[in-house]
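First the structure, in the form of structure tokens, and then the observations on it.
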Ligand SMILES: Cc1cc2nc3c(=O)[nH]c(=O)nc-3n(C[C@H](O)[C@H](O)[C@H](O)COP(=O)(O)O)c2cc1C
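Residue numbers (the numbering used here): 13 to 186.
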């Protein structure tokens, strides 16, 4: 099983979730983590599963303007993604994908999603538009207003990855 994890992260929260997903996927085969600014259409070639996630900005996926207008966060430097392309840009370059299994995730503020929005909904829509086979509902992991992942969110990411991979492997066995 080859898993590719494509992530966008300015402050490290989505990257931290992506790292946990990678840890789980590593137990089931090869894993590659690809930052959004380095992702190419070929990044998903040969993948059995693509997990793709980014931060929620202004209720949805980030835009160039929302990345560039983000300030530094205390002593946390901005990731290189702030200046570079984000997931929207990657989806614009990727062509039609022939049924590669995939699932979307995001990080966002804790609270009712009607107030916060969720980047994973836009990612999910783009996955389906490009012909990926979505194998799990879009998933959010939440941060507090100090921009830190809430306790237990990394464990939730672990469980989510386990459930996505196990259901994929069970389907493959039938
Ligand atoms: C410009 C900007 C806009 C944001 N807008 C939202 C929002 O509309 N809803 C939300 O839940 N979180 C919002 N957030 C919070 C981020 O989604 C959250 O801090 C996320 O975990 C950041 O991920 P990262 O560390 O991977 O960059 C925003 C953050 C920034 C910098």
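Backbone N, C-alpha and C define an ideal beta-carbon position, used for all residues, glycine too. None of these values were measured; they are calculated from a predicted model.
> Distance, Cα to Cα, residue 22 vs residue 104?
Replying inline: Within the chain shown, numbered from 1, the residue matching residue 22 stands at position 10. Within the chain shown, numbered from 1, the residue matching residue 104 stands at position 92. Their Cα atoms are separated by approximately 20 Å.
>> Buried or exposed, going by whether 16 or more other CB atoms sit within 10 Å of the CB of residue 67?
In response: Translated into the one-based positions of the chain shown, residue 67 becomes position 55. So residue 67 ends up on the buried side.
> Per DSSP, which one or two residues make a beta bridge with residue 32?
Replying inline: The residue given as residue 32 occupies position 20 in the chain shown. Residue pairing by DSSP places residue 32 in no beta bridge whatsoever.
> In whole angstroms, what is the alpha-carbon distance linking residue 196 and residue 186?
Replying inline: This structure cannot speak to residue 196, because the chain is shown only from 13 to 186.
>> Suppose contacts are defined by Cβ-Cβ distances below 8 Å. Is residue 15 in contact with residue 56 by that definition?
In response: Translated into the one-based positions of the chain shown, residue 15 becomes position 3. Translated into the one-based positions of the chain shown, residue 56 becomes position 44. Not a contact, by the Cβ cut-off of 8 Å.
> Which residue's Cα is closest to the Cα of residue 76: 125, 158, 99, 62?
Replying inline: Looking up residue 76 in the chain shown gives position 64. Answer by Cα proximity: 99.
>> Please classify residue 92 as buried or exposed, where buried requires at least 16 neighbouring CB atoms within 10 angstroms.
In response: In the chain shown, counting from the first residue as 1, residue 92 sits at position 80. In this predicted model, residue 92 has a pLDDT of only 49, less than 50, meaning its place in the structure is not dependable; the value taken from the coordinates is given anyway. Classification for residue 92: exposed.
>> Just verifying my parser: in three-state terms, what is the DSSP assignment at residue 160?
In response: The count along the chain shown starts at 1 and reaches residue 160 at position 148. Residue 160 falls in the coil class under three-state DSSP.
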